[in-house]
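**Q** 6 is the number of the first residue of the sequence shown in the numbering used here; add one for each residue after it.
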Amino acid sequence: MSLFVIADTHLSISTGKSMDIFNGWSDYEQRLEKNWRSIVTDKDTVVIPGDISWAMSLDEGFKDFEFLHNLPGRKILMKGNHDYWWSTKKKADEFFAKNNFDTLNILHNNTYTCGNIAICGTRGWFFDAENDADKKVVLREAGRLRMSIKAAKETGLEPVVFLHYPPLSDTRKCDEIYNVLLEEGIKRCYYGHLHSYSHATAVNGEVDGIKFSLISGDYLEFRPIPVYDTVK
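#1: Is residue 8 helix, strand or coil when you go by DSSP?
#2: Rounded C-beta distance between residue 146 and residue 182? I'm assuming under 8 Å.
#3: Within the 8 Å Cβ cut-off, does residue 157 reach chain C?
#4: Compute the beta-carbon to beta-carbon distance between residue 230 and residue 11, rounded to the nearest angstrom, for a pair I have assumed lies under 8 Å.
#5: Counting only the same chain and skipping the five closest in sequence on each side, list residues whose C-beta sits under 6 Å from that of residue 84.
#6: So, for residue 31: in the same chain, excluding its five sequence neighbours on each side, which residues have a beta-carbon less than 6 Å away from its beta-carbon?
#7: Around the Cβ of residue 134, are there at least 16 other Cβ atoms within 10 angstroms (buried) or fewer (exposed)?
#8: With a cut-off of 8 Å on the beta carbons, I'd call residue 130 and residue 170 a contact; round off their distance for me.
#9: Distance, Cα to Cα, residue 73 vs residue 27?
#10: Are the segment 111-120 and the segment 153-165 in contact at 8 Å, needing three or more beta carbon pairs?
#11: From what residue to what residue does the beta strand (DSSP E) around residue 158 run?
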């Protein structure tokens with residue numbers, strides 16, 4: 006039993022809105038499938054922290070979700086800024102059940118366990134949440150993160166946080182999210198969202214006792230990576 010992670014799959018089987026036009030994204034869906042099948046087994050779990058599909062609704066995203074379901078392992082899906090198909094966890098759960106996509110699970114205010122860790126997290130938000138609307142969103146996201154961590158801690162296992170938006174860069178922090186990580190004593194945090202030249206702003210390494218890792222699909226060359234030495 007192993008735990009893997011990769012964010013920003015940006016699947017477009019359902020919509021034809023391919024990412025192939027961007028540098029480093031050629032044949033990305035085929036590369037993702039090949040890499041995934043080479044390392045992930047049906048006993049494993051893969052966390053996908055957001056920007057999963059370009060579909061505008063669950064029904065429109067059927068082929069994308071079918072693609073993920075048919076890959077080995079259990080998948081834990083999280084919301085990203087481009088997941089327009091996302092409405093509520095209940096509706097997604099019902100859609101997956103109706104279509105027998107029983108390997109797909111939604112992480113939203115809750116936790117899942119794998120080996121000796123508890124998977125928790127939320128979407129996150131921008132660093133510069135300055136207007137009232139953005140401030141409400143970032144505070145709501147911080148609350149959701151704390152709720153998910155609380156559920157994770159109740160399992161008695163190590164809580165490992167997965168976010169879509171980065172909680173920090175080489176020059177800035179999203180204080181509302183970052184402070185939750187510090188206050189809750191989180192030791193590992195994986196995040197996506199950053200592409201292309203933005204990779205240069207990513208923090209990969211330990212800050213304030215927390216190990217941060219960028220796991221965007223293009224950054225990982227569309228190969229899920231293990232969450233090392235957490236699952237035994």
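Where a beta carbon is used, it is the ideal one built from N, C-alpha and C, also for glycine.
**A** The structure says:
#1: Residue 8 sits at position 3 when you count from the first residue of the sequence shown. It is a strand residue.
#2: Position 141 of the sequence shown holds residue 146. Position 177 of the sequence shown holds residue 182. Contact flag correct, Cβ pair sits at about 7 Å.
#3: Judged by its chain identifiers, the structure shown contains no chain C, having just a single protein chain.
#4: Looking up residue 230 in the sequence shown gives position 225. Looking up residue 11 in the sequence shown gives position 6. 7 Å between Cβ atoms; contact.
#5: Looking up residue 84 in the sequence shown gives position 79. Within the same chain, residue 84 has close Cβ partners 55, 91 and 128.
#6: Translated into positions along the sequence shown, residue 31 becomes position 26. If we look at residue 31 and ignore the five residues flanking it on each side, its Cβ neighbours are 25.
#7: Looking up residue 134 in the sequence shown gives position 129. Its Cβ being crowded by 16 or more others within 10 Å, residue 134 is buried.
#8: As a position in the sequence shown, residue 130 is number 125, starting the count at 1. As a position in the sequence shown, residue 170 is number 165, starting the count at 1. Their Cβ separation, rounded to whole angstroms, is 6 Å, which keeps residue 130 and residue 170 in contact under 8 Å.
#9: Counted from its first residue, the sequence shown places residue 73 at position 68. Counted from its first residue, the sequence shown places residue 27 at position 22. Cα to Cα, the separation comes out at about 22 Å.
#10: yes
#11: Locating residue 158 in the sequence shown gives position 153, counting from the first residue. Run containing residue 158: none in the beta strand (DSSP E); it sits in the alpha helix (DSSP H), 137-158.
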